[in-house]
Amino acid sequence: MSLTVETRATIGLPDAEPLRLIEETGTVVAPKLRRGIDLPGADTLLELYRRMVIARRWDTQVTALTRQGRLSTYPSARGQEAGEIGTVLAMEAADWLFPTYRDSIAVMTRGVPTEQILSGFRGDWHCGWDPQEHRTAPQATPLATQALHAVGLATAARLKGDPIAVATFIGDGATSEGDAHEAFNFAGVWRAPIVFVIQNNQFAISVPLSKQTHSRMLADRAVGYGIPGFHVDGNDVAAVYAVVSAALARARTGDGPTIIECLTYRVEPHTNSDDPSRYRDSSDVELWRKRDPIERLARYLESEGMLGDELRRSFVQEAEDAATAMRDTLNAEPALDPLELFDHVYNVERPALREQRDALAGELDENGSARS
Amino acid sequence: MATATAATADTTAPAPTTGTATLTLAKSITAGLRRAMQDDEKVILLGEDIGKLGGVFRVTDGLQAEFGTDRVMDTPLAESGIIGMAVGLAMRGYRPVAEIQFDGFIYPGFDQIVAQVAKLHYRSRGAVRMPITIRVPFGGGIGSVEHHSESPEAYFAHTAGLRVVSCSNPQDAYGMLQQAIASDDPVMFFEPKRRYWSKGEVDFGAADVLPLGRARVVSTGSDVTLVAYGPLVATAKDAVSAAADDGVSIELIDLRSISPIDFEAIEASVRKTGRLVVTHEAAQSVGIGAEVAASITERCFNWLEAAPERVTGFDTPYPPAALEEHFLPDLDRLLDAVDRVLGRPNSLSDWEG
Numbered sequence: 001m002s003l004t005v006e007t008r009a010t011i012g013l014p015d016a017e018p019l020r021l022i023e024e025t026g027t028v029v030a031p032k033l034r035r036g037i038d039l040p041g042a043d044t045l046l047e048l049y050r051r052m053v054i055a056r057r058w059d060t061q062v063t064a065l066t067r068q069g070r071l072s073t074y075p076s077a078r079g080q081e082a083g084e085i086g087t088v089l090a091m092e093a094a095d096w097l098f099p100t101y102r103d104s105i106a107v108m109t110r111g112v113p114t115e116q117i118l119s120g121f122r123g124d125w126h127c128g129w130d131p132q133e134h135r136t137a138p139q140a141t142p143l144a145t146q147a148l149h150a151v152g153l154a155t156a157a158r159l160k161g162d163p164i165a166v167a168t169f170i171g172d173g174a175t176s177e178g179d180a181h182e183a184f185n186f187a188g189v190w191r192a193p194i195v196f197v198i199q200n201n202q203f204a205i206s207v208p209l210s211k212q213t214h215s216r217m218l219a220d221r222a223v224g225y226g227i228p229g230f231h232v233d234g235n236d237v238a239a240v241y242a243v244v245s246a247a248l249a250r251a252r253t254g255d256g257p258t259i260i261e262c263l264t265y266r267v268e269p270h271t272n273s274d275d276p277s278r279y280r281d282s283s284d285v286e287l288w289r290k291r292d293p294i295e296r297l298a299r300y301l302e303s304e305g306m307l308g309d310e311l312r313r314s315f316v317q318e319a320e321d322a323a324t325a326m327r328d329t330l331n332a333e334p335a336l337d338p339l340e341l342f343d344h345v346y347n348v349e350r351p352a353l354r355e356q357r358d359a360l361a362g363e364l365d366e367n368g369s370a371r372s
Numbered sequence: 001m002a003t004a005t006a007a008t009a010d011t012t013a014p015a016p017t018t019g020t021a022t023l024t025l026a027k028s029i030t031a032g033l034r035r036a037m038q039d040d041e042k043v044i045l046l047g048e049d050i051g052k053l054g055g056v057f058r059v060t061d062g063l064q065a066e067f068g069t070d071r072v073m074d075t076p077l078a079e080s081g082i083i084g085m086a087v088g089l090a091m092r093g094y095r096p097v098a099e100i101q102f103d104g105f106i107y108p109g110f111d112q113i114v115a116q117v118a119k120l121h122y123r124s125r126g127a128v129r130m131p132i133t134i135r136v137p138f139g140g141g142i143g144s145v146e147h148h149s150e151s152p153e154a155y156f157a158h159t160a161g162l163r164v165v166s167c168s169n170p171q172d173a174y175g176m177l178q179q180a181i182a183s184d185d186p187v188m189f190f191e192p193k194r195r196y197w198s199k200g201e202v203d204f205g206a207a208d209v210l211p212l213g214r215a216r217v218v219s220t221g222s223d224v225t226l227v228a229y230g231p232l233v234a235t236a237k238d239a240v241s242a243a244a245d246d247g248v249s250i251e252l253i254d255l256r257s258i259s260p261i262d263f264e265a266i267e268a269s270v271r272k273t274g275r276l277v278v279t280h281e282a283a284q285s286v287g288i289g290a291e292v293a294a295s296i297t298e299r300c301f302n303w304l305e306a307a308p309e310r311v312t313g314f315d316t317p318y319p320p321a322a323l324e325e326h327f328l329p330d331l332d333r334l335l336d337a338v339d340r341v342l343g344r345p346n347s348l349s350d351w352e353g
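Residue numbers (full-length UniProt numbering), protein chains in the order written: chain A, 1 to 372; chain B, 1 to 353.
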């Protein structure tokens, strides 16, 4: 399957109506409204469902542990699983992902171990995994900065003749950053093999999308860069998976970047320390909770006879086991070495840092807690 | 790249690895870039107008023709984009050399430099290296308009994770640039733009190259230690000669590396002279001179015969070109500071604080 993409001269504004393949009711959208995009196969849909169930349970568990004070903060992605999981499952292992702080479940689905993902939110180390090993960059906190890194890595792949693609998540608020513009523009000019997935959850902490942009929608930005843009129902994992897959395929074959806006909603507070009652109506939240991406896919799978009680229970059990394992993992206090705070500043030792390290080591000696 | 042009290296001689030549400082940087690119195909250049034009100072002149548009990339006009792209390229094994066109244009890239380039190695516990060199023509004295004469090096020296260096002569420009490119840590490479046209001999095969972090004793002396870097090393040399005519022996140290600072070298000198003068074009407050003066005072308090002196730009924005001669440290101000640390009659002799 491939996306129908016009040439640069004829790239127009995306359709305002977000592309969806499965309606909220669980029925499949009529072929003529699918704009040439096919529904992913049964195995893929089941895997998307399974991974979303695991991610939801994982996210819920992390939120609970944060409330218990085990983590200093956690930005939940509840309700946004379709964009997160749909994107990651569309990627190959060799592709690179550049996530933000809200994309922990995407990082988890990439295969990064739990304790490494939560290292930053627990305060053990800023990024707990090896980005090269997992081809997953550290979660960006200054937003849109990672989009430029993603374009740089994609350009490197292009220069080397590496047949890989890069995906990066950008929030709706982050599209206001200058780096987002520069990333879109550089990607367009250099035909970088990259897919920008805008997770439009309609809030940047408290500020709604209407205060971020006067654009009709964020996908409209694409036309100004000569890049194809797509507006996708971000709670329809089938649509996200299909469009991101096709965009990644375009990228790998040298057809350049794509901007995909996934329309979704942040049903949870920004983080555990946020108070959404100050800036939004809970009835809106309830409306979006009913548009749950997991339940939507479940309705479709059940109606097709692909998801029975037994299979559903097994997925729930798998998610439960993963959550239990994660809780147990986090129960173990990491052994942190205070002197490591000097270890990774430079590759080459410098005298002033060595002196400061020695001073700290001396303090630790006095306290009887030095490392040898 | 879809529109990449092939290099025409078969028409070009290899960069020299032996022998000497008299080059301007700008051309010695060109030679250093060329040598680094020939030695390591992972070295790529990116910046504004660096391709066909060869850069506004012509430092990259001829390199795109030699190495192709994939290795000498004209970027869109966006400094954050240039630096952010370099980060991604470095993550995939390249050694990007980014050119910032003028000192005063580096600020849009500041966030990417201090929050990303400087910190990714630390953030990732050493898993991600940032072998990026950021070349910045800096300093005043060329009669330019606003934003083209600044000395922003202290911002970067204050940032853990960056190396900050400045060359003062063609030989160092040639050698230090190659060392910077070979460094696995990111390097801010400040080029003294008013000395771009100063000529000097470059030994392409120089074997006794100082490590990048080491200062150089330019001339030995016994009365006063004078520390300078970048464009003011030439001014300081004039001060050494003028003072010698007056019977004062100055030991001149070219700092070369601003982060880290080679305190060992300054310390050894001050223990001999007992007097310290530091100079830079950048503003005085919270500057490199303050760091040198404080650190040397800590280390050499009992050897100091006088309080360290700073001769710097004023704590003002860089002035219009017509007034820059009043702003820039010059020979007279250096000699005056030398007199002050020697307790000789000077411009502050009648000053009552």
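A virtual CB, placed ideally from N, CA and C, is assigned to each residue, including glycine. Keep in mind it's a predicted model, so treat the numbers as computed, not measured.
For the options A:Gln146, A:Cys127, A:Phe121, A:Asp15, the alpha carbon positioned closest to that of Arg123 of chain B is the one of A:Cys127. Distances from the CA of Gly88 of chain B to each of A:Leu148, A:Leu330, A:Val62, A:His344 were compared; the closest alpha carbon is that of A:Leu148. Going by C-alpha positions, Leu46 of chain A is about 12 angstroms away from Ser314 of chain A. Beta-bridge analysis with DSSP links Met91 of chain A to no other residue. Excluding residues up to 5 positions away in sequence, His231, Val232, Asp233, Leu263 lie with their Cβ nearer than 7 angstroms to the Cβ of Pro18 of chain A in the same chain. When C-beta atoms of the segment 203-211 of chain B are compared with those of the segment 290-306 of chain B, fewer than three pairs fall below 8 angstroms, so the two segments do not count as touching. DSSP places Ile105 of chain A in the helix class (H, G or I) of the three-state scheme.
Taking the Cα of Leu287 of chain A as reference, the smallest distance to any Cα among A:Val223, A:Ala219, A:Asn235, A:Ala323 is reached at A:Asn235.
Taken residue by residue, none of the segment 133-154 of chain B has a beta-carbon sitting less than 9 angstroms from a beta-carbon on chain A.
With a cut-off of 8 angstroms on Cβ pairs, the segment 165-179 of chain B is in contact with the segment 188-202 of chain B, counting three or more such pairs.
Interface annotation, Pro334 of chain A: not in contact with chain B, CB-CB separation never under 8 angstroms. Ranked by Cα distance from Leu218 of chain A, the options A:Val207, A:Tyr346, A:Ile205, A:Val197 are led by A:Val197. Look at Pro142 of chain A: its C-beta is under 8 angstroms from a C-beta on chain B. The segment 213-288 of chain B contains, as complete alpha helix (DSSP H) runs of 4+ residues, the segments 232-245, 263-273 (chain order). Ranked by Cα distance from Tyr49 of chain A, the options A:Ala319, A:Asp343, A:Asp365 are led by A:Ala319.
Secondary structure note for Trp96 of chain A: it is in no alpha helix (DSSP H), and the uninterrupted beta strand (DSSP E) holding it is 96-98. When the beta-carbon positions are compared, Val292 of chain B and Val278 of chain B come within less than 8 angstroms of each other.
Counting only runs that start and end inside the segment 139-176 of chain A, the beta strand (DSSP E) elements of at least 3 residues fall at 166-171. The C-alpha of Gly140 of chain B lies about 25 angstroms from the C-alpha of Leu45 of chain B. For Pro192 of chain B, the enclosing beta strand (DSSP E) starts and ends at 187-192.
Counting along the chain, Lys27 of chain B sits inside the alpha helix (DSSP H) bounded by residues 25-39.
Remark: C-beta atoms of Val244 of chain A and Ala90 of chain A approach each other more closely than 8 angstroms. Taking 8 angstroms as the cut-off, the Cβ atoms of Ile296 of chain B and Val270 of chain B count as close. At a cut-off of 8 angstroms between beta carbons, Ser80 of chain B contacts chain A. In the three-state scheme derived from DSSP, where H, G and I count as helix and E and B as strand, Lys199 of chain B is classed as strand. Within chain A, the residues Val345 have their CB atoms less than 8 angstroms from the CB of Ala160 of chain B, given in chain order.
Non-local beta-carbon contacts of Glu23 of chain A in its own chain, meaning distances under 7 angstroms to residues more than five positions away in sequence, involve Val29 in chain order.
Between Gly79 of chain A and Arg250 of chain A, the C-beta spacing is not below 8 angstroms.
Assignment of Ala21 of chain B by DSSP, reduced to helix, strand and coil, places it in the strand class. Counting the other Cβ atoms within 10 Å of the Cβ of Gly86 of chain A gives 16 or more, which makes it buried.
Identification of residues in the segment 152-163 of chain A having a C-beta nearer than 9 angstroms to some C-beta of chain B yields Gly152, Leu153, Ala154, Thr155, Ala156, Ala157, Arg158, Leu159, Lys160, Asp162, given in sequence order. Contact check for Asp254 of chain B and Tyr229 of chain B: beta-carbon distance about 6 angstroms, within the 8 angstroms limit, so the pair qualifies. Closest in alpha carbon position to Thr73 of chain A, among A:Gly362, A:Thr253, A:Ser119, is A:Ser119. Neighbours of Val189 of chain A in chain B, taken as residues at a C-beta separation under 7 angstroms, are given in chain order as Pro76.
In the DSSP assignment, Gln132 of chain A falls within the unbroken alpha helix (DSSP H) covering 131-134. Taking a cut-off of 8 angstroms on C-beta distances, the segment 275-295 of chain A does not touch the segment 90-108 of chain A, as fewer than three cross pairs fall below it.
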